[in-house]
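Here the numbering used here is used: the first residue of the sequence shown is -5, the next is one more, and so on.
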Amino acid sequence: DLSRRPAWISPYHYRLDWLMWFLPFGDSRRNPWLYHLLGKLLANDPAVSRLIQHNPFAGDAPPKYVRAELFLYQYASPGSAEARAGQWWTRRRVRSFIAPTSLAQ
């Protein structure tokens, strides 16, 4: 959500968004927790659904595929059109991080 104010969380940073921040610094295959998370998303696991702000599949059939995309996030410049629209962030897609995958794969 580009309009969400940055969170102030201290001193404990062991959160999903914090873990995901480190993913682009290495190979995705060295982070087995990420593949476990994707598998749980594909199974529509309620415990994992609570980790994300909005699960469009909640109470419905689980997704057939999931993927991971890498975006570069930056603060919106003060006075910019994004900031005036209430956005704290801007982003641009960098690349695919994990190709679409299913439980069958």
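Glycine is no exception: its CB is placed at the ideal position from the N, C-alpha and C atoms.
Is it the case that the Cβ atoms of residue i and residue j are separated by a distance below 8 Å?
| i | j | result |
| --- | --- | --- |
| residue 13 | residue 96 | no |
| residue 91 | residue 62 | yes |
| residue 17 | residue 31 | no |
| residue 89 | residue 66 | no |
Give me the DSSP bridge partner(s) of residue i.
| i | result |
| --- | --- |
| residue 65 | 87 |
| residue 92 | 62 |
List the whole-angstrom C-beta distance separating residue i from residue j, where the pair is believed to meet the contact cut-off of C-beta under 8 Å.
| i | j | result |
| --- | --- | --- |
| residue 45 | residue -4 | At roughly 19 Å, the Cβ-Cβ gap does not stay under 8 Å, so residue 45 and residue -4 are not in contact. |
Out of the options, which one is the CA nearest neighbour of residue i?
| i | options | result |
| --- | --- | --- |
| residue 82 | 56, 70, 51 and 99 | 70 |
| residue 58 | 73, 33 and 29 | 33 |
| residue 56 | 91, 40 and 86 | 40 |
| residue 64 | 1, 21 and 42 | 21 |
| residue 116 | 60, 76 and -1 | The first residue shown for the chain is -5 and the last is 99, placing residue 116 beyond what the model contains. |
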